[in-house]
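Notes follow once the structure below has been shown.
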Amino acid sequence: MDHSTHSTKESGDIPIPMTDSKSSKASSPLMPATTNKTAKQPPVSRLKRGLGVVDFILRICAIVTALAAATAMGTTSQQLPFFTQFFRFKADYDDLPAFTFFVIANATAGAYLVLSLPFSIVCIVRPHIIGARLMLLVFDTIAVPLVTAAASAAAAIVYLAHNGNSNANWVAICRQFDDFCQRVSGAVVASFITSLIFVVLVIVSAAALRRN
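Oh and the sequence shown: position 33 is 33 in UniProt numbering, straight run, nothing missing.
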């Protein structure tokens, strides 16, 4: 017994505590959980940012079509080369209330789209913000019936201008005012494109909010 105790004293072995290895083993399973949690967040953010980029591009396209429709209709005027002593044949857009409403509605939609661009940029930079996206969704929804109503009312007048109405003895004025009818027809097409873009914007905003 004395010899064994003496050998242990001379060897000078120091017992190694096992707590460090146990704590490292216990803490090691926590690392994959944190990495998995962080790995799940970037795809959602990238999707929201992608929807924001699509929203911004669509708004620029809608600005072009809305302002083009308002400008084309607002500058439409044609005067025929022949006239009589009492009548001068001339067609202006403001002769018809439907065309006047068309210009006001598309110009209002274009102005709103310009003002909405900073909020669309905010949705790209900060994709998790709900307030800006919700505001765009509300105003886009209001713009859809406004632009659609203006385009539909103008389309009805353009149809009568091209075809007339024999029951009401309305002649087709596009046979004489061909330039006038071409410009207003192009403006109506651009307005319907604007309305379609607004519908897509509503869908994009709804999809972005649903991801929240």
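Even for Gly, the Cβ is constructed at its ideal location relative to N, Cα and C.
Backbone CA spacing between residue i and residue j [nearest angstrom]
i           : j           : result
residue 145 : residue 70  : 16 Å
residue 181 : residue 128 : 47 Å
residue 93  : residue 188 : 13 Å
residue 195 : residue 130 : 24 Å
residue 126 : residue 139 : 20 Å
residue 54  : residue 169 : 49 Å
residue 67  : residue 205 : 23 Å
residue 119 : residue 106 : 20 Å
residue 135 : residue 209 : 11 Å
residue 207 : residue 174 : 44 Å
residue 104 : residue 64  : 16 Å
residue 162 : residue 57  : 35 Å
residue 167 : residue 157 : 16 Å
Contacting residues, own chain, Cβ-Cβ under 7 Å from residue i (five flanking each side not counted)
i           : result
residue 155 : 188
residue 115 : none
residue 160 : 170
residue 141 : 202
residue 133 : 123, 205, 208, 209
Residue closest to residue i, alpha-carbon to alpha-carbon, out of the options
i           : options            : result
residue 50  : 75, 76, 121, 73    : 121
residue 151 : 109, 204, 192, 205 : 192
residue 61  : 174, 113, 173, 162 : 113
residue 101 : 73, 124, 111, 117  : 73
residue 59  : 185, 95, 149, 111  : 111
Cutoff 8 Å; reference residue i; Cβ partners in own chain excluding five residues on either side
i           : result
residue 171 : 164
residue 109 : 62, 66, 143, 146, 147, 194, 198
residue 45  : 127, 128
Cut-off 6 Å between Cβ atoms - residues of its own chain near residue i, not counting five sequence neighbours on either side
i           : result
residue 153 : 98
residue 78  : 91, 177, 179, 180
residue 137 : 205
residue 183 : 72, 76
Test: residue i CB closer than 7 Å to a CB of chain B
i          : result
residue 53 : Looking for chain B here will not work: only one protein chain is present.
Simplified DSSP state of residue i, which is helix, strand or coil
i          : result
residue 38 : With a pLDDT of 41 at residue 38, under the threshold of 50, the modelled position of that residue is not reliable, and no figure is offered here.
At 3 residues or longer, what runs of the beta strand (DSSP E) sit wholly inside the UniProt domain "Casparian strip membrane protein" (49–196)? Counting only runs of 3 or more, we get 77–83, 88–92.
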